[in-house]
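Let me begin by presenting the structure, written as structure tokens, before commenting on it.
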Amino acid sequence: DATDDKHIEPIPGCAIEFYAPTSGTLILTWQVSASSDLDIFYPGDTTSQTIKDQRTFLTLMGAKDNDFDLAEIGYRQYLPMCILQDGGSTAPARVMGMGRIWSGHHVVEVNARTWYRYGIGIYSSANMARIRVRNFKYLYFPNAEATIDGSIPDGL
């Protein structure tokens with residue numbers, strides 16, 4: 010949805026602030042465990058507007074220099090929801106994705122003498138979401154230039 014980015018909230022404790030004294034390469038890595046009480050009564054039609062309107066996702070956010078507000082960079086990870094059978098059914102709920110871990114990484118070319126801020130944000134139409142930040146780390150390689158082209162060197 011085009012308005013989702015206006016409702017994304019940074020997760021407290023799941024962010025870093027980094028000063029790059031020289032240019033180089035920054036590698037971000039993270040692991041976040043997330044679940045929510047987003048329940049859908051599954052009527053058999055997965056294209057229904059109810060299912061499309063109810064969603065939860067995590068996303069990478071960032072800011073640079075004097076911009077203190079984090080904005081979405083991308084890499085949305087949509088979380089599965091708990092799908093209940095028909096509203097009147099006594100069948101047990103099919104619980105999908107509760108407590109799963111979202112891992113990710115992002116490579117950044119950094120400029121000299123610049124502050125960088127990164128974090129993980131959440132959007133959820135659920136009543137309650139539970140987030141456990143397992144780690145959010147960075148590796149800084151000063152004066153290094155990342156060359157990621159997908160090719161495999163000879164001998165490997």
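First residue of the sequence shown: 10, per my numbering; consecutive thereafter. Glycine included, every Cβ here is placed at the ideal spot set by N, Cα and C.
N-terminal and C-terminal residue of the beta strand (DSSP E) that residue i is part of
i, result
"Asn144", "Ala138 to Pro151"
"Thr34", "Gly33 to Ser45"
"Glu154", "Unbroken run through Glu154: none, as it is neither H nor E."
"Arg109", "Arg109 to Val119"
"Arg64", "Per DSSP, Arg64 belongs to no beta strand (DSSP E) and is neither H nor E."
"Pro21", "Glu18 to Ala29"
"Ala80", "Ala80 to Tyr87"
CB-CB length for residue i against residue j, believed under 8 Å
i, j, result
"Gly128", "Cys23", "6 Å"
"Leu88", "Ala43", "6 Å"
"Trp39", "Phe150", "Actually they do not touch by this definition, with Cβ atoms about 18 Å apart."
Simplified DSSP state of residue i, which is helix, strand or coil
i, result
"Tyr125", "strand"
"Leu165", "Here Leu165 scores only 44 on pLDDT, less than 50, and its place in the model should not be relied on; the value that follows carries that caveat. Note: Leu165 maps to coil in three-state DSSP."
Member of the options whose CA lies at the smallest distance from the CA of residue i
i, options, result
"Arg141", "Phe150, Leu148 and Ile131", "Ile131"
"Ser45", "Phe66, Gly33 and Pro21", "Phe66"
"Ala121", "Ile25, His16 and Thr34", "Thr34"
"Ile20", "Tyr125, Arg85 and Met70", "Met70"
"Val119", "Ile17, Arg64 and Ala72", "Ala72"
"Arg109", "Arg126, Ala138 and Phe77", "Ala138"
"His115", "His16, Thr68 and Ser133", "Thr68"
"Gln86", "Ser133, Arg143 and Thr123", "Ser133"
"Trp124", "Glu18, Thr31 and Phe145", "Thr31"
"Glu154", "Lys146, Arg143, Tyr147 and Val117", "Val117"
"Val41", "Trp111, Ala29, Asn75 and Glu18", "Trp111"
"Gly135", "Lys15, Ala29, Ile25 and Arg64", "Reading off the sequence shown, one finds Ala at residue 135, where the question assumed Gly. Cα-wise, what sits closest to Ala135 is Arg64."
"Arg126", "Leu148, Phe77 and Asn152", "Phe77"
"Glu81", "Asn152, Leu148, His16 and Tyr147", "His16"
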